[in-house]
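Read through the structure below, which is laid out as structure tokens, and then see the notes.
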Amino acid sequence: MTDLHTHILPGMDDGARSVEISLAMLREEAAQGVDAVTLTPHYYRDRESSGSFLSRRAQAVETLESAIAALPESEQAALPVRVLAAEVAWVPNLVDCSNLRALCYQGTDAFLLELPMQPWYDGLFSQLYDLINVTGLTPIIAHIDRYWSSQKPQRLSELYALGLPMQLSAEALLRFPTRGRALKALQSGQVQYLMSDCHSMNSRKPNLAPALAVVGKRLGDAAMRRCAAQTDEMLREYAL
Ligand SMILES: [Fe+2]
3 MTDLHTHILP GMDDGARSVE ISLAMLREEA AQGVDAVTLT PHYYRDRESS GSFLSRRAQA
63 VETLESAIAA LPESEQAALP VRVLAAEVAW VPNLVDCSNL RALCYQGTDA FLLELPMQPW
123 YDGLFSQLYD LINVTGLTPI IAHIDRYWSS QKPQRLSELY ALGLPMQLSA EALLRFPTRG
183 RALKALQSGQ VQYLMSDCHS MNSRKPNLAP ALAVVGKRLG DAAMRRCAAQ TDEMLREYAL
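Below you can see the structure in the form of structure tokens.
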């Protein structure tokens, strides 16, 4: 099972504040049956150049990998494989970002896209459509469940009509108010990928296993296995 959305890289964003926390998060992922994690620190193009972000990301990876290399071999082997990526925040004219390909899930032509929490404006989807056509890249919409309450149904329908792959937060299955809708979205195939979006070992810790247990209990073991397998499939489906 792959966790497609994590803020495990140390000191990059509002995720792991130290490499010790990064290691604890990786151990927790492994304990929950996750054998690969994608490292998806936030990237805000309106605050930082992509070059600066990529250089900070490379440094954070070096810090993490050095700490892992210092562990006994048996502990290293027990940790999930790490795959580089980013969580790219939507900004107008994102298509002009010259390094968008370097922000993709490593070895694929897909990238994780965070849409605004503010009401989606006229023209956002046409810009998104242009971006797909011009770059040939596939945006994977992060935490669709966050927009269920913040966006108008009409806007959500427009997004679904684009047919883009979608990610669901594990938290949406663990909280009663969103559980029913999250289960329906998974069951119907409207969303494909379950992710943790973990930020720490406290309030937003890795939580794929308890979310999958909800899927198993409510939709059955076959649905749970399919849901877990789809997270691995993503990296293969968009492989270069
Ligand atoms: Fe995130």
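Heads up, the sequence shown is in this note's numbering, so the first residue is 3 and it goes up one at a time.
From the three backbone atoms N, C-alpha and C, an ideal C-beta is built for every residue, glycine too.
These numbers were taken from a predicted model, which means no experiment stands behind them.
Mind listing, in chain order, the residues whose beta carbon lies closer than 5 angstroms to a non-hydrogen atom of ligand 1? Glu89 and Asp199
Report the rounded CA-to-CA distance for Gln194 versus Pro94, giving the unit in angstroms. Residue 194 sits at position 192 when you count from the first residue of the sequence shown. Residue 94 sits at position 92 when you count from the first residue of the sequence shown. Those two C-alpha atoms are separated by around 26 angstroms.
Limits of the unbroken beta strand (DSSP E) element including Met27: Your numbering for residue 27 matches position 25 in the sequence shown. From DSSP, Met27 is part of no beta strand (DSSP E) but of the alpha helix (DSSP H) over Val21 to Ala33.
On a CA-only basis, which of Ile10, Lys154 and Cys99 is nearest Met119? Give me that one, please. Numbered from 1 along the sequence shown, position 117 holds the residue referred to as residue 119. Here the closest residue by C-alpha is Lys154.
For Glu173, the first and last residue of its enclosing beta strand (DSSP E): Position 171 of the sequence shown, counted from the first residue, corresponds to residue 173. Element bounds for Glu173: not the beta strand (DSSP E) but the alpha helix (DSSP H), Ala172 to Leu176.
Applying the criterion that 16 or more other CB atoms from any shown protein chain within 10 Å of the CB defines a buried residue, is Ala224 buried or exposed? Taking the first residue of the sequence shown as position 1, residue 224 is located at position 222. With fewer than 16 other Cβ atoms within 10 Å, it is exposed.
Quick check on the DSSP output: what are the complete beta strand (DSSP E) runs of length 3 or more inside the segment 53 to 113, in order along the chain? 83 to 86 and 89 to 91
Given that a residue counts as buried once 16 or more other Cβ atoms are within 10 Å of its Cβ, and exposed if not, what is Asn209? Against the sequence shown, residue 209 aligns to sequence position 207. With 16 or more other Cβ atoms within 10 Å, it is buried.
Own chain, CB closer than 8 angstroms to Gly109, minus 5 neighbours either side, in chain order: Translated into positions along the sequence shown, residue 109 becomes position 107. These residues qualify, in order along the chain: Val85, Leu237, Ala241 and Leu242.
According to DSSP, simplified to helix, strand and coil, what is Val193? Working through the sequence shown from its first residue, we reach residue 193 at position 191. Residue state, collapsed to three classes: coil.
Taking only the alpha-carbon atoms, compute the straight-line gap between His201 and Ile10 and give it to the nearest angstrom. On the sequence shown, residue 201 is found 199 positions in, with the first residue counted as 1. On the sequence shown, residue 10 is found 8 positions in, with the first residue counted as 1. The alpha-carbon atoms of His201 and Ile10 are separated by roughly 7 angstroms.
Excluding the five sequence neighbours on either side, which residues of its own chain have a C-beta within less than 6 angstroms of the C-beta of Arg220, listed in chain order? In the sequence shown, counting from the first residue as 1, residue 220 sits at position 218. Excluding residues within five positions, the ones whose Cβ falls inside 6 angstroms are Leu185.
Which partner residues of Val39 appear in the DSSP bridge assignment? Here residue 39 is taken as the residue at index 37 of the sequence shown, counted from 1. Paired residues: Asp5 and Arg84.
Note down the Cα distance separating Cys106 from Phe178, rounded to an integer number of angstroms. Against the sequence shown, residue 106 aligns to sequence position 104. Against the sequence shown, residue 178 aligns to sequence position 176. Rounded to the nearest angstrom, the two C-alpha atoms are 33 angstroms apart.
In the structure shown, what three-state DSSP assignment does Met226 receive? Position 224 of the sequence shown holds residue 226. Three-state DSSP puts Met226 in a helix.
Whose C-beta lies closer than 6 angstroms to the C-beta of Glu160 among residues of the same chain, with five residues either side of it excluded? On the sequence shown, position 158 is the one that residue 160 refers to. Within the same chain, Glu160 has close Cβ partners Phe127.
Tell me which residues share the same chain as Ala69 and place their Cβ nearer than 7 angstroms to its Cβ, disregarding the 5 neighbours each side in the sequence. Here the question's residue 69 lines up with position 67 in the sequence shown. Closer than 7 angstroms at the Cβ level, and outside the excluded window around Ala69, lie Val21 and Leu25.
Helix, strand or coil, according to DSSP, for Gln129 in the structure here? For the purposes of this step, residue 129 is identified with residue 127 of the sequence shown, where counting begins at 1. Of the three classes helix, strand and coil, the one that applies to Gln129 here is helix, per DSSP.
Whole-Å CB distance - Gln192 paired with Met168, under 8 angstroms assumed: Locating residue 192 in the sequence shown gives position 190, where the first residue counts as 1. Locating residue 168 in the sequence shown gives position 166, where the first residue counts as 1. Contact flag correct, Cβ pair sits at about 7 angstroms.
So who's on the other strand from Met168, going by DSSP bridges? Residue 168 sits at position 166 when you count from the first residue of the sequence shown. Ile143, per the DSSP bridge assignment.
Below 8 angstroms between beta carbons: does that hold for Leu56 and Ala104? Along the sequence shown, one-based indexing puts residue 56 at 54. Along the sequence shown, one-based indexing puts residue 104 at 102. Contact flag set, yes.
Give the secondary structure of Ala18 by DSSP, where H, G and I count as helix, E and B as strand, and everything else as coil. The count along the sequence shown starts at 1 and reaches residue 18 at position 16. Residue state, collapsed to three classes: coil.
Using DSSP with H/G/I as helix, E/B as strand and the rest coil, what is Tyr45? Here residue 45 corresponds to residue number 43 of the sequence shown, with the count starting at 1. Tyr45: strand per DSSP, three-state reduction.
Helix or strand or just coil, what does DSSP make of Glu50? One-based indexing of the sequence shown puts residue 50 at position 48. Coil at Glu50, not helix or strand.
Measure the alpha-carbon distance for Ala72 versus Ser205 and round it to whole angstroms. Position 70 of the sequence shown, counted from the first residue, corresponds to residue 72. Position 203 of the sequence shown, counted from the first residue, corresponds to residue 205. Between Ala72 and Ser205, the C-alpha separation is close to 28 angstroms.
Distance check for Glu75 and Asp124, CA to CA, integer angstroms please. Translated into the one-based positions of the sequence shown, residue 124 becomes position 122. Translated into the one-based positions of the sequence shown, residue 75 becomes position 73. Taking the straight line joining both Cα atoms gives about 53 angstroms.
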